[in-house]
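With the first letter of the sequence shown counted as 1, position 90 gets the number 1577 in the working numbering; the numbers rise by one all the way through. Where a beta carbon is used, it is the ideal one built from N, C-alpha and C, also for glycine.
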Amino acid sequence: IEEVCGEFSSCYSSPRVVKRNASTWSSADDACSAVGSRMGQPEDNETLIALAPYLEKLYTLPIITGYVLGNAQTVEIAVVCRANQFHSVANDTDGMIRGVPSEAESCVFITKDFVMHFGPCSTAAVVLCSQPVESDDYCSVAPTCTSISEEPPEPLTSTTVSLN
C-alpha cells in the first residue's frame, strides 16, 4: 500500500485479509496469529477511507476487525491484542462504528459499504490483520522488515490476500 494512513502505514504495509476456520472471535485471532499478525483496527475514518479501495478489490464477506464491545452499558469499545488480551479502550469511536452494540452484537465488522458496524461475532466473515513493519507494536507483534528500503515480502498463500 503506498500511502495508507494510521496503523496501516509504512513500507509494503501490513493490511491483510485472511480466512478464519470458524465464525468465532478466537478463530479470527488465531487466523491472524497464523500469519504472524494481529487483528487490525482502523484507528479513524480517514484510515478506513484509505483502506476501502484495497478492501473493495477482494470483498466477499464482512471483514471482522480487532475492535470488540468492552462494556454494553457504557458503550466502551475495546482494542484487543492476540489471545484476547485487552489493550485499551478505543478513542473517538463515535460516528466511526455504526449501529447499537449489545451483548449479542459485540464484534465490529467492515461491511460492503466500507463502514464499520456492530454485529454478532458468529457472522460469516474474513479477518482484517495488521503486521507492524519496522518496530514492535502495542500488541508486541514483531515487525516484518527492518527498513523502508527493504523489498516487499513474497506473495502470500492462497488463503491470504495481500493488500499491496
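Start-to-end residues for the alpha helix (DSSP H) that takes in residue i
{"i": "threonine 1534", "result": "1532 to 1543"}
{"i": "cysteine 1519", "result": "1512 to 1521"}
Range covered by the beta strand (DSSP E) that runs through residue i
{"i": "alanine 1565", "result": "1563 to 1568"}
{"i": "glycine 1553", "result": "1550 to 1558"}
{"i": "arginine 1503", "result": "1503 to 1505"}
{"i": "serine 1589", "result": "Segment: none, serine 1589 is in no beta strand (DSSP E) and carries neither H nor E."}
{"i": "valine 1613", "result": "1613 to 1617"}
{"i": "valine 1595", "result": "1594 to 1597"}
{"i": "glycine 1606", "result": "1603 to 1606"}
Pairwise C-alpha distance: residue j and residue i
{"i": "tyrosine 1499", "j": "threonine 1561", "result": "For tyrosine 1499, the predicted model reports a pLDDT of 37, less than 50, meaning its position is unreliable and no value from the coordinates is stated."}
{"i": "valine 1587", "j": "methionine 1603", "result": "12 Å"}
{"i": "lysine 1599", "j": "valine 1522", "result": "24 Å"}
{"i": "alanine 1559", "j": "serine 1589", "result": "5 Å"}
{"i": "leucine 1545", "j": "asparagine 1508", "result": "18 Å"}
{"i": "isoleucine 1482", "j": "isoleucine 1564", "result": "Lying outside 1488 to 1651, the shown extent of the chain, residue 1482 is not represented and no answer is given."}
{"i": "serine 1645", "j": "glutamate 1533", "result": "Unreliable placement is indicated for serine 1645, whose pLDDT of 32 sits below 50; no coordinate value is reported for it."}
{"i": "threonine 1610", "j": "isoleucine 1597", "result": "12 Å"}
Residue from the options whose Cα sits closest to the Cα of residue i
{"i": "valine 1505", "options": "Glu1590, Ser1513, Ile1536 and Cys1519", "result": "Cys1519"}
{"i": "valine 1595", "options": "Thr1547, Ala1515, Ala1509 and Glu1543", "result": "Ala1515"}
{"i": "aspartate 1531", "options": "Glu1543, Thr1610 and Phe1601", "result": "Phe1601"}
{"i": "proline 1607", "options": "Glu1543, Ser1593 and Val1614", "result": "Ser1593"}
{"i": "leucine 1615", "options": "Leu1542, Ala1577 and Leu1556", "result": "Leu1542"}
Classification of residue i by the beta-carbon crowding that lies within 10 angstroms, buried from 16 upward
{"i": "glycine 1527", "result": "buried"}
{"i": "threonine 1547", "result": "exposed"}
{"i": "serine 1513", "result": "exposed"}
{"i": "alanine 1537", "result": "buried"}
{"i": "arginine 1525", "result": "buried"}
{"i": "arginine 1585", "result": "exposed"}
{"i": "glycine 1553", "result": "buried"}
{"i": "proline 1540", "result": "exposed"}
{"i": "serine 1617", "result": "buried"}
Chain C within 8 Å of residue i, Cβ atoms only
{"i": "serine 1593", "result": "No chain C is part of this structure, which consists of one protein chain only."}
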